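This report refers to the structure that appears directly beneath it.
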Amino acid sequence: MNIYKLQNEISEALSEPLKYVDYDKNFKLLIAPENFGDFSLNISFKLAKALKKSPKDISDELIKYLNLPYFENLSNDGGYINIKLGNTFYKEFLKELLDKKSKYFIKEPLDKKIQVEFVSANPTGPLHVGNGRGAVIGDVVSNVLKSRGYEVEKEYYVNDAGNKMDLFAQSIRYWYLKNFGKELEFPEEGYAGDYIKRIADVLTEIFKDRFLHYDYKKQIEVFKILGEYILLGDANSNIEELKTLRKNLKFDFPSILESLRLFGVYYDNVFFESSLYEGKLVKVEEDLEIPERLSQVLSVLKERNLLYKKDGAWWFKATQFKDDKDRVLVKATGEPTYTLTDIAYHVDKFKRGHSKAIDVWGADHFGHVITMKALLEGVGIGGDFLDVILYQIVHFFENGVEVMMSKHTGKFYPLSDLIEKVGKDAARFFFLMKSADTHLNFDIDLALKQSFDNPVFYVQYTYARLHNIVEEAKKRGVEFLDFDSAFNEPIDPVERRIFNSIFYLNSILDDISLDYAVHRIPTFTLDIARDINFFYQNYRVLGEENPKVRTKRFILVKASLIVLGFLFDLMGIEKKEHM
RNA sequence: GCGCCUGUAGCUCAACGGAUAGAGCAAUGGCCUCCGGAGCCAUGAAUAGGAGUUCAAUUCUCCUCAGGCGCGCCA
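By our numbering, the letter at position 29 of the first sequence is numbered 598, and the numbering carries on one by one without gaps.
Have a look at this one:
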């Protein structure tokens, strides 16, 4: 028994009286408020206008058709149809749950691929704490979609082309040359962080003066590659020398990909922006020559008459697709813009067979969303292919003062430090708890001080003490009866609440797979943990004399362990059996 | 100026358009012969302001106020 089956049965039962009525047949059950039964239907309110009757009268009629065997009682409370479920229902539901365990919350494969891209920070500096929010959101959205039956590919897009990378390389070059007594002007808008100097020092130590007499262009190329390698870490580079470098490296903070792994984030794929520049040059127009993979987009736009030249640059007619201005795709210098590589990248996602691409971006990239959707329309894929999850800025406070961070001034708080201090689980839970579209104030002092008080410990503690009951039962050789006799006993409200929540979880996950509101997972987890702790405090399990009641409660313990364990897996936090 | 996000208890945050707006922290007062007290119970306290749509608005629409973020031939 699961929520879909129950909803279907209700839907079918109502199809007879509502034969001639146009209504939403996929209506959902609601969890009823306390003292109003287990679940409720608000369908009569929706039908009131069409049927020209009061909700209360409609419910009176409908209830006559709802004599399902699972229902113990039906009531009409001001138009709401409130359902109290019978023991047969709980027996079937829990049998299935205990049998399938966490698979109870995994849907059948849909044969649909979805790609989730997140973090994708420039490899010009280590990840800072702010990146943590996107990392957790992307990771957990992926997990939820997997549980809904999608085939999910998690990807990191490395922006390793363009001006920022040049500035980065120039900044390293400055320090490298300085190590050999050559003092230059520090590049304007260069990266000022300590780590830049440390990269230069590491390179000096390993490669000595090898790059000293390279020409400027060659130096930039080398520092770009090596610097990126040090910061990003081992993605899928095949260059032997880089692997050796990796081995010799004594750098004092983890690379981007290592930080993410410490954070529990594992990617299926790392995509390099620079790969879009590979291949031969293609002539799209007489005076427009561009790498092959980028040229494809331009050719399609040209065919559709959406590309034009102005002031020496090539423009996309974005205004035809609700953007507020047209967008440059190829600069007057002949270089592609970030917008062009990004649309080429998204076309690539489409060609890889994904039915949808989900990007997780910081809210400061908001302005890019409409342009990307316009381009997707422009190339004929359609704007709906892309969903962008925007998460609002995180403000960090330390000693009561806001921590200002910028890769350019070099002041930042590395994500790896945060993980080390408060732990992976607490950090993930903390980031996850707030809705993505609300600003998040992250008080670092509080996070440190709080480590033992953190809600994540509360839920993990709940799991551990439940697990202890199971262990204790084995140790003491406590006897239990069979499933059927356990559910001859009445189920009391506290137990119902917990069972009902577990039963309803699939429905919540379905919602999250549509609106990506992953903060509802920690919220749900805290709610059910509270109910479970109340149960734990007020009801004995092993010490209960009545073997039927004892068995029923033990089933509740097992069901709770299954659901908590599954939720922890979704959120990427540990299932600790002992703390 | 235009666009987007936010405004809920002293603080940090919840609430598919649904019934009595919920938690945590902080405050006050209780609960350990017990399967883990890192827990449980009780008390006080809130929808920025104003119109509108709806049987029903914290949620949707409009206006005002306040905070944040965007509006590059940057990425």
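We put the beta carbon where it would ideally sit given N, CA and C, even for glycine.
None of the values given here were measured: they were computed from a predicted structure.
According to DSSP, what are the bridge partners of residue i?
| i | result |
| --- | --- |
| Arg-896 | Phe-885 |
| Phe-966 | Glu-971 and Asp-1012 |
| Ala-804 | Answer is none; Ala-804 lacks a bridge partner. |
| Phe-608 | Ile-600 and Ile-652 |
| Gly-931 | Tyr-960 |
| Glu-686 | Glu-724 and Asp-928 |
Could you please give the first and the last residue of the uninterrupted alpha helix (DSSP H) stretch that includes residue i?
| i | result |
| --- | --- |
| Asp-763 | 763-776 |
| Lys-878 | Unbroken run through Lys-878 is the beta strand (DSSP E), 876-879; no alpha helix (DSSP H). |
| Gly-796 | 785-801 |
| Tyr-725 | Note, Tyr-725: premise wrong, no alpha helix (DSSP H); beta strand (DSSP E) at 720-727. |
| Phe-1137 | 1116-1140 |
| Val-1028 | 1024-1045 |
| Val-839 | Val-839 -> not in any alpha helix (DSSP H); beta strand (DSSP E) instead, spanning 838-841. |
| Tyr-1105 | 1089-1107 |
| Ile-1071 | 1062-1084 |
| Phe-737 | 732-748 |
| Asp-994 | 993-1002 |
| Arg-702 | 700-716 |
| Leu-631 | 624-632 |
| Ala-582 | 572-584 |
Considering Cα atoms alone, identify which of the options is closest to residue i.
| i | options | result |
| --- | --- | --- |
| Leu-972 | Arg-1089, Ile-1013, Ala-1042 and Tyr-1085 | Looking at the sequence provided, one finds Val at residue 972 rather than Leu. The option with the nearest alpha carbon to Val-972 is Ile-1013. |
| Ala-1055 | Leu-781, Arg-1122, Lys-733 and Tyr-760 | Arg-1122 |
| Phe-737 | Tyr-764, Asn-1069 and Val-713 | Tyr-764 |
| Ile-1149 | Asp-607, Asp-880 and Asp-593 | No statement about residue 1149 is possible, as the shown extent of the chain runs from 570 to 1148 and does not include it. |
| Asn-1150 | Pro-756, Lys-766 and Met-734 | Here the chain has residues from 570 to 1148 only, and residue 1150 is not among them. |
| Tyr-1108 | Ile-1060, Leu-598 and Gly-952 | Ile-1060 |
| Tyr-1027 | Pro-1091, Gly-1046, Glu-1041 and Leu-1083 | Pro-1091 |
| Phe-1000 | Leu-1133, Ala-730, Val-698 and Leu-753 | Val-698 |
| Asp-856 | Glu-810, Glu-904, Tyr-836 and Asn-838 | Glu-904 |
| Ala-1033 | Asp-893, Gly-796 and Leu-1133 | Leu-1133 |
| Lys-812 | Asp-837, Lys-787, Asp-821 and Ile-775 | Ile-775 |
| Tyr-743 | Pro-695, Phe-1052 and Gly-759 | Gly-759 |
| Ile-789 | Lys-733, Tyr-836 and Glu-810 | Lys-733 |
| Asp-680 | Phe-658, Leu-1139, Leu-714 and Leu-587 | Leu-714 |
Span of the beta strand (DSSP E) holding residue i?
| i | result |
| --- | --- |
| Ser-644 | 640-646 |
| Asn-1010 | 1009-1012 |
| Ile-912 | No beta strand (DSSP E) contains Ile-912, which is instead part of the alpha helix (DSSP H) from 907-920. |
| Val-853 | 850-854 |
| Val-821 | The question names Val, but residue 821 is Asp in the sequence shown. Here Asp-821 belongs to no beta strand (DSSP E), and DSSP marks it neither H nor E. |
| Pro-860 | 857-860 |
My guess is that residue i and residue j are in contact by the Cβ rule of under 8 Å, so how many angstroms apart are they, rounded?
| i | j | result |
| --- | --- | --- |
| Val-834 | Asp-708 | 5 Å |
| Glu-724 | Glu-665 | Contact doesn't hold; Cβ gap of about 35 Å is too wide. |
| Leu-654 | Tyr-639 | 6 Å |
| Ala-1005 | Ile-741 | Ala-1005 to Ile-741, Cβ: 35 Å. No contact. |
| Leu-1035 | Leu-959 | Actually they are not in contact, since the Cβ atoms of Leu-1035 and Leu-959 sit about 37 Å apart, beyond 8 Å. |
| Ile-988 | Leu-831 | 5 Å |
| Arg-1045 | Leu-1111 | 7 Å |
| Leu-1078 | Ser-716 | 6 Å |
| Asn-860 | Tyr-846 | Looking at the sequence itself, residue 860 is Pro, so the reference to Asn does not match. Right, their Cβ atoms sit about 5 Å apart. |
| Ala-943 | Lys-891 | 6 Å |
Classify residue i as buried or exposed, calling it buried when 16 or more other Cβ atoms lie within 10 Å of its own Cβ.
| i | result |
| --- | --- |
| Glu-581 | exposed |
| Ala-932 | exposed |
| Leu-1017 | exposed |
| His-1147 | exposed |
| Pro-624 | buried |
| Lys-819 | exposed |
| Ala-769 | buried |
| Val-721 | buried |
| Arg-896 | buried |
| Gly-750 | exposed |
| Gly-802 | buried |
| Ser-584 | exposed |
| Pro-1062 | exposed |
| Tyr-785 | exposed |
| Gly-701 | buried |
| Pro-678 | exposed |
| Ile-962 | exposed |
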